[in-house]
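Here the structure comes first, spelled out in structure tokens, and everything after it is commentary.
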Amino acid sequence: MKHDDQTRSLVTEVVPEAFPWVRFLPREDVQAFVVELVDALEGAEALCNPAPVAQVITSWRHTAEVHADPELLAVLQRDGDDFGAVARSGGSGRVSPKRGDPVAPPAVGGEWEIRFSTAEAVKGWHELEAAARGNLRKAWETMRTDPGPGPGKPTSRHHQLKGGLAHGTHQGRSLPRWQLEVTGAGRVWYLFDEPRRTVWGQHAGVGHPKQAD
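At position 207 of the sequence shown the residue is numbered 208 (the working numbering), and the sequence of numbers has no breaks.
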């Protein structure tokens, strides 16, 4: 009971003051954030290592930023389809293909297929290519070879979203949703389809989501 009272106090008083961006989270996500934050604080204290706490805060803040952007949120909550393969330098699949578009090389060995799941992802990927081709190439390589959980992850630049946005839907199947930072402002959001060894790009953007201050 005492722990419940402390959690309620954190939700209603301390957390909104310390982290104003929680106002953009659904109420149930605010409660989930508090529980995870308290657990991380206790564990970090035992290890004398604050890194896990910083990661929890970063992941939840990025989740709040998506909730703060209605257009982005609507795209991520949509059931995705197959809009073609993602080439290294940004070629599209069946959405307005052009003569000379680059072709995605087939996945070999332990590599993952990378495919677009929305038209917005196609458009945003091309915009990122124009703005930061080198960084986008590195992001493509990460998605190709190491898109999901594993050693050294999560990081502040590459992690699964939290709460109700931790999963998304592709062709009726619920899949983990990850965010990958391409530049200081650019992001790619994708679904991690382990059974099919496929990464489904839901959205990509040059600009940062609306800031959750």
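Here a beta-carbon is modelled for each residue, glycine too, at the ideal position from N, C-alpha and C.
- The beta carbon of residue 140 sits closer than 7 angstroms to the beta carbons of 181, 183, 189 from its chain, once the five residues preceding and following it are set aside; these are given in chain order.
- Residues 57 of the same chain have their beta carbon placed closer than 6 angstroms to that of residue 38, with the five preceding and five following residues left out of the count.
- Beta-bridge annotation (DSSP): residue 176 is paired with 169.
- Per DSSP, residue 16 is not a residue of any beta strand (DSSP E); the alpha helix (DSSP H) it occupies stretches across 16-19.
- A distance below 9 angstroms separates the beta carbons of residue 81 and residue 170.
- Sequence-distant Cβ neighbours of residue 197 in its own chain, meaning closer than 7 angstroms and more than five residues away, do not exist here.
- Rounded to the nearest angstrom, the gap between the Cα atoms of residue 108 and residue 138 is 16 angstroms.
- Counting only the Cα atoms, residue 177 lies some 18 angstroms from residue 112.
- In the displayed model, residue 198 falls within coil according to three-state DSSP, outside both helix and strand.
- DSSP places residue 181 in the strand class (E or B) of the three-state scheme.
- Under the DSSP assignment, residue 117 falls in the beta strand (DSSP E) whose first and last residues are 114-117.
- In chain order, 53, 54, 57 place their CB closer than 7 angstroms to the CB of residue 41, counting only its own chain and leaving out the 5 sequence neighbours on each side.
- Taking the Cα positions, residue 166 is about 31 angstroms away from residue 110.
- A residue is called buried once 16 or more other Cβ atoms fall within 10 Å of its Cβ, and residue 27, having fewer, is exposed.
- Straight across, the Cα-Cα distance linking residue 75 with residue 43 is about 36 angstroms.
- When the Cα atoms are used, residue 70 and residue 49 turn out to be separated by approximately 36 angstroms.
- Residue 143 places its beta carbon less than 9 angstroms from that of residue 159.
- For the pair residue 194 and residue 200, the Cα-to-Cα distance works out to about 6 angstroms.
- Contact between residue 88 and residue 202 does not hold, since the beta-carbon distance rounds to 12 angstroms and is not under 8 angstroms.
- Of the candidates 36, 83, 161, 134, the residue whose Cα lies closest to the Cα of residue 114 is 83.
- Judged by DSSP secondary structure, residue 161 falls within the beta strand (DSSP E) whose first and last residues are 159-161.
- For residue 60 and residue 157, the gap between their C-alpha atoms comes out near 7 angstroms.
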